[in-house]
Structure formats: C-alpha cells, structure tokens
Amino acid sequence: MVPFLNLKSINASYQDAFQQILQNELNRSQWILGDSVSQFENQFAQYIGTQHAIGVSNGLDALTLIWKSLIQLGKLNEGDQVLVPAHTYIASVLSIVHAGLEPVLVDVNMYSYNTLAADFERKVTPKVKAILVVHLYGQMVPMTDIQSLAEDSHLLVVEDAAQAHGATFQGKKAGSWGIASAFSFYPSKNLGALGDGGAVTTDDEDLAKMVRTLFNYGSPEKYQHTKIGFNYRLDTLQAGFLSHKLSDLDALNQKRIQVALWYQEALQDASIGLPDIVSKGTHVYHLFVITSENRDALQKHLKKYGIQTMIHYPKANTQHEAFEHLTKNKCPNAETLSAKILSLPMCPTLTQVQVKKVTQAILSF
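Heads up: the sequence shown begins at 41 in this note's numbering, then just goes up one per residue.
Written out as structure tokens, the structure is:
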C-alpha cells in the first residue's frame, strides 16, 4: 500500500524530542501564552522574513483576525468586497464572510491551479477593496504582478499561505509580501503541529497589535477589554512542537521537491496533466496534483493497486450550497478543474520505490 500521507513516519524521528518538550511544559505549566509561544513567534517571523508573527488557533482564525483587524484600523469597512479564488479550500472564503466582508469569487488559471493577477484584474470594480491571494498546493502566485495590480487599483493584499510554508517567489518567502498573511499548522501541512494551530505574519506594527488584542478576548492587557474579541490563541505545547520542527522545514521541503521530480520524470509522457511550475519560484509541494479527463476511473484504478489518492477539491467554491448567493458569476475553469484534479501521494518520507509503484499504475491505466 502507498498511503496518501504518513504522519506517523513524518513525526517518528521527533518522538524523543516531543517527549522532552512535553516534560518541559509540564514543569513550566504555562499552557496559554507561555514562553514557548513567544519563542516560536520570533523564530517563525525570522524564517518568513517579517517583523511580526502571532501564533493563533488555526488558519481560518488567522485569516479572520486579519480581516477583523483591518476593519478595526479603518483600512476596510464591513460590506467591502474582497477578491478570492473560486478554486481554494473553503476557509479562504469563510474568513471573509465571518468578518462581515463580501467575497467575490474569481476564476483560476487551469495550468498552475492558482488565481493570477490577470484573473483578479478582470473582477476589479470600485467596490473591491482587497485581494486574498492563495498560494495553493505549495506554489506561490507571482507576487510582483499582484503588487502592480494592487498599486494601480488601490487594493490591500492579504496572503493565504496555509499550503506554502517555505515557498518563494524571486527569493522572497510566501507570507512576506502582503499587508498580512495567514498560515495553518494543521497536522498535514508542510509545517504541521500535533493538533491545530496557525499564525499571522506582518510588518505592520498597528496590525500586529490589533491581532494580539482581538485574539485574546479583545484585551491588550489582562482584564482590560478594549475590543469585541475572540479566543483564537495558539497553545504553548503546540508552539513547542512547532519550534522544534521549524528547523527541519527546508530539508523536508527539499524531500517533497525530490518526490515531485520523480513523479514528473516518470509521467512526462503520460496522458495526464502535470502542474505548471512558475519561473523564479520555489514550489514546496504541499500537494502533487495532476489532471485527468477520466479522474474518477483513474482514482478507482489506483485504489486497486493499494494507492491512496485524494481530491483537492471536489467542488469549486461556486458550487457549495453555503455560497449560493455568490454564484451570480460562474467560474468555469474552477468548476472544470474540480472534475479533473487528483492529488497523488505526497510526503517527505515517500520512497522512490513507492513513487515508482504509483507512476507504473498510472501508466498502466
């Protein structure tokens, strides 16, 4: 059997370290907003290349906090429109709705699977005040084009980097381009916790302060509540685990890149679509996604060989019942992709033998 993702193998080498981290936290017993959270925030900000990183409860809450903070600071108003890809995980869109803003779904590039500047530009109107750029599957959107569009149209840029830990464009990391960025540390992510977690990164001092106020019951200091806040904090134990794993992130990403190369070399002549790779960028392959005109049959074929696959995502955001009120403008590329895409096993511990089993099964289809 070839598993889609083997979290046990990813974390196996950390078992002794995790036991020590747990013992250290038991000794300190600073379970909420403890020293380990501050340590991880400093390390992650340095890694991303921003002045601030704020550990939060998960990726959705990270995005929601960004939007809520921008509203509190007067940079956005409730009801403003935000451009967001139709082809992304639902959390990207939910965050906008939760903040009282209006998402405008934008179609996707069929070959990179990302929504690019030209796609966003077609949906810019006077009502649009911000762009949520999603670096999907581990590949960054070319951000210089996004910046030019934002400057010309006076738009704020927020990054959803939940699947792009360590990805770069022109040598600059995902999470360091927009006014703020959101990360997820869901266990399956390139940098994954042993539970849930997330982070906001930014160079904006006022925004960082507002996020820290809102994520802790609207309280800039204990029992002084100046805003209507939330409980969106990263717990100390997860921060300790993440600090330890962060030092290995680049090496683990390189292993993902090697797995992707094995796939690409073996499948270059197969009757499937391989992802386009953006020049001047580093794809960190959170997922390795192909397209097939006979996706469902191919998935069943691979299952017979003991190969686990997944679909990210089986519906475009235009097709969800929850967003029926957003589907006035169809996004045909996103809806076409949702019927064709298939995620192959991708894991830094995947072996060349396992990859060969996958590729041979695809070639025999």
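For glycine and all other residues, C-beta sits at the position ideal for the given N, C-alpha and C.
Taking Cβ positions, are V197 and G218 nearer each other than 8 Å?
By 1-based counting over the sequence shown, the position of residue 197 is 157. By 1-based counting over the sequence shown, the position of residue 218 is 178. Going by beta carbons, V197 and G218 fall inside the 8 Å limit.
Just mark R335 as buried or exposed, buried being the case when its beta carbon has 16 or more other beta carbons within 10 Å.
Counting from 1 along the sequence shown, the entry for residue 335 is found at position 295. Only buried fits R335, as 16 or more other CB atoms lie within 10 angstroms of its CB.
Assuming the contact rule is C-beta atoms closer than 8 Å, G119 and G237 should be a hit. Round their C-beta distance to whole Å, please.
Looking up residue 119 in the sequence shown gives position 79. Looking up residue 237 in the sequence shown gives position 197. About 31 Å separates the two Cβ atoms, so there is no contact after all.
Please name the residue in V174, M150, P182 whose C-alpha comes closest to that of Q203.
The residue labelled residue 203 in the question sits at position 163 within the sequence shown. Nearest of V174, M150, P182 to Q203, Cα basis: V174.
Cβ pair count under 8 Å reaching 3, the segment 351-370 against the segment 379-389:
Flag = yes, the segment 351-370 and the segment 379-389 touch.
Going residue by residue through the segment 86-115, where are the continuous alpha helix (DSSP H) segments of at least 4 residues, counting only ones entirely within it?
Runs of the alpha helix (DSSP H) inside the segment 86-115: 99-112.
Three-state secondary structure (DSSP) of N46
Position 6 of the sequence shown holds residue 46. Of the three classes helix, strand and coil, the one that applies to N46 here is coil, per DSSP.
Residues of its chain near L390, where Cβ-Cβ distance is below 7 Å and the 5 sequence neighbours each way are ignored:
Here residue 390 corresponds to residue number 350 of the sequence shown, with the count starting at 1. Around L390: V299.
Residues of its chain near L338, where Cβ-Cβ distance is below 6 Å and the 5 sequence neighbours each way are ignored:
Taking the first residue of the sequence shown as position 1, residue 338 is located at position 298. Cβ neighbours of L338 beyond the five flanking positions: S332, F405.
Please report the Cβ distance between V137 and L156, rounded to the nearest whole angstrom; I am assuming they are in contact, meaning their Cβ atoms lie under 8 Å.
Sequence index remark: in the sequence shown, residue 137 carries index 97 (1-based). Sequence index remark: in the sequence shown, residue 156 carries index 116 (1-based). 24 Å between Cβ atoms; not a contact.
M41 to I347, Cα distance in whole Å?
As a position in the sequence shown, residue 41 is number 1, starting the count at 1. As a position in the sequence shown, residue 347 is number 307, starting the count at 1. Here the alpha carbon of M41 sits roughly 6 Å from the alpha carbon of I347.
Using CA atoms only, rank isn't needed, just tell me which of F225, L327, Q187, Q394 is closest to F281.
Locating residue 281 in the sequence shown gives position 241, where the first residue counts as 1. Closest by alpha carbon: F225.
How should G114 be labelled, buried or exposed, when 16 other C-beta atoms within 10 angstroms of its C-beta is the threshold for buried?
Position 74 of the sequence shown, counting from 1, holds the residue named residue 114. Exposed, because fewer than 16 other Cβ atoms sit within 10 Å of the Cβ of G114.
Which residues bound the alpha helix (DSSP H) around E199?
Residue numbering aside, residue 199 sits at position 159 when the sequence shown is read from its first letter. Going by DSSP, E199 is part of no alpha helix (DSSP H) but of the beta strand (DSSP E) stretching over 196-200.
When the Cα atoms are used, what is the spatial distance from M183 to R68?
What you label residue 183 is simply residue 143 of the sequence shown in a count that begins at 1. What you label residue 68 is simply residue 28 of the sequence shown in a count that begins at 1. Roughly 42 Å between the two C-alpha positions.
Report the option in L301, S311, A310, D185 whose CA atom is closest to the CA atom of S317.
Stepping through the sequence shown from its first residue, residue 317 is reached at position 277. Position check: residue 317 holds Ile in this sequence, whereas Ser was assumed. Nearest option by C-alpha distance: L301.
Where does T104 land, buried or exposed, given buried means 16+ other C-beta within 10 angstroms?
Taking the first residue of the sequence shown as position 1, residue 104 is located at position 64. Buried, by the Cβ-count rule.
Is E118 helix, strand or coil when you go by DSSP?
Here the question's residue 118 lines up with position 78 in the sequence shown. Note: E118 maps to coil in three-state DSSP.
Decide if the segment 54-66 is in contact with the segment 389-403; the criterion is three or more beta carbon pairs, one per stretch, under 8 Å apart.
They do not touch, by the three-pair rule.
For W16, the nearest candidate out of S152, S49, M250, L45 (CA to CA)
This structure cannot speak to residue 16, because the chain is shown only from 41 to 405.
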